[in-house]
Amino acid sequence: MRQLRLAFRVCWLVALILFCVPMHLLWRLFRLRSHWPRRFLGWCARAVGLKATIVGERAEGTALFAANHQSWIDILLIGGATGASFVSKASVRNWPIAGWLATMVGTIYIENSDRGAAAVQAARIRQALHDDVSVAFFPEGQLDNGKVLPFRPALFGSIVPPERSLPVQPVAIDYGEHWHDLIWKRGSHAGHNAADIMRRRGTEQVTIYLLEPIYPDEHSHRRDLARYCEEKIAEALGQAPERETV
């Protein structure tokens with residue numbers, strides 16, 4: 003039965019790709035704003051066995067979303083809830099199928115190994131926001147394995163100083179009592195993790211907290227924004243930040 007569930011869910015994902023990708027390309031052909039990536043990611047979350055409950059309201063208009071990072075399925079959940087493009091490590095571009103899909107929906111790729119590239123990375127996000135593209139990223143910079151890690155402030159520089167009034171909204175993902183079976187553990191293979199999740203029986207309940215946004219002004223500092231988001235997310239998950247953001 004576990005293998006049958008896996009096969010069924012893989013077929014469901016393939017069907018979603020075959021339906022949503024042409025629709026997205028059609029919208030782009032006519033230069034229309036496409037909501038198909040958001041629908042696609044939300045439906046993919048259901049296909050792999052997740053049912054999301056959203057608590058709170060999405061910030062209106064273009065926004066920068068900062069979230070805790072526990073698994074590759076964070077992208078499905080946050081994308082479905084917000085419609086944002088993502089910041090991702092550059093190696094994702096070369097992943098089979100997933101890399102092609104990520105590029106098609108406007109993923110912003112960054113080189114994590116190059117510390118000197120932080121300003122360039124922030125500039126790319128700023129340009130996306132300028133073009134009215136909402137962006138989501140994971141300021142921990144790595145998988146947190148269930149414990150919120152200190153937020154790195156570098157990419158918050160994309161919105162400081164603000165060229166217009168845009169919100170930064172913290173997003174917390176709570177995988178519930180079975181979180182340990184759903185997160186992507188360090189050192190595990192992505193394909194094996196995905197297969198294990200899709201073999202699970204039934205549907206897992208996940209809660210997405212869209213928390214109170216903050217609106218940076220000319221006096222804001224990226225460290226303050228990082229600290230605010232880290233504390234709000236940790237609070238929503240019933241945790242205390244490990245240490246003050248630096």
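Under this note's numbering, the residue at position 29 of the sequence shown is numbered 31, and the numbers go up by one with no gaps.
Cβ coordinates follow ideal geometry from the N, Cα and C atoms, glycine included.
Check, Outcome
"Using the C-alpha atoms, what's the distance from Lys234 back to Thr247?", "Confidence in Thr247 is poor, its pLDDT being 45 and thus under 50, which makes the residue's placement too unreliable to answer from."
"Which two residues bound the contiguous beta strand (DSSP E) that contains Thr84?", "From DSSP, Thr84 is part of no beta strand (DSSP E) but of the alpha helix (DSSP H) over 75-84."
"Between Pro141, His194, Ile175, which lies nearest to Leu78 when the distance is taken from Cα to Cα?", "Ile175"
"Which same chain residues, not among the five before or five after Val162, have their C-beta less than 8 Å away from its C-beta?", "Pro218, Ser222, His223, Arg224, Leu227"
"With a threshold of 7 Å on Cβ separation, who are the neighbours of Glu237 within its own chain once the five nearest residues in sequence on each side are excluded?", "none"
"Cutting at 8 Å between CB atoms, please list the residues of its own chain near Arg8, excluding the five before and the five after it.", "The question names Arg, but residue 8 is Leu in the sequence shown. Around Leu8: Ala197, Met200, Arg201."
"I'd like to know if the segment 147-161 and the segment 34-53 are in contact, where contact means that at least 3 CB-CB pairs between them fall below 8 Å.", "no"
"For the alpha helix (DSSP H) that contains Glu233, what are its first and last residues?", "224-238"
"Is Asp134 closer than 7 Å to Thr64 when the C-beta atoms are compared?", "yes"
"Taking C-alpha atoms, which residue in Asn96, Ser90, Ile99, Leu15 lies nearest to Arg126?", "Ser90"
"Which residues in the same chain as Ala121 place their Cβ atom closer than 8 Å to its Cβ, once the five residues preceding and following it in sequence are excluded?", "Gly159"
"Would you decide whether His132 is buried or exposed? Buried here means 16 or more other CB atoms lie within 10 Å of its CB.", "exposed"
"If you draw a straight line from the alpha carbon of Ser136 to that of Ala130, how long is it in whole angstroms?", "7 Å"
"Per DSSP, Ile175 is paired with what?", "Ile210"
"Using three-state DSSP, classify Phe21 as helix, strand or coil.", "helix"
"Which of the three DSSP states is assigned to Ile99 in this structure?", "coil"
"Given that a residue counts as buried once 16 or more other Cβ atoms are within 10 Å of its Cβ, and exposed if not, what is Thr39?", "Here residue 39 is Pro; the residue named in the question, Thr, does not match the sequence. So Pro39 ends up on the buried side."
"To which residues of the same chain is Arg30 closer than 7 Å at the C-beta, ignoring the five residues directly before and after it?", "Ser36"
"Would you mind reading off the limits of the beta strand (DSSP E) that contains Val137?", "137-139"
"Which two residues bound the contiguous alpha helix (DSSP H) that contains Val57?", "No alpha helix (DSSP H) holds Val57; the beta strand (DSSP E) holding it covers 52-57."
"Just to confirm before moving on: does the CB-CB distance between Ala68 and Pro141 stay below 7 Å?", "yes"
"By alpha-carbon positions, which one of Trp45, Val12, Ile75 ends up nearest to Leu145?", "Ile75"
"Of all the options Glu232, Trp14, Arg60, Ile56, which has the alpha carbon lying nearest to the alpha carbon of Tyr177?", "Ile56"
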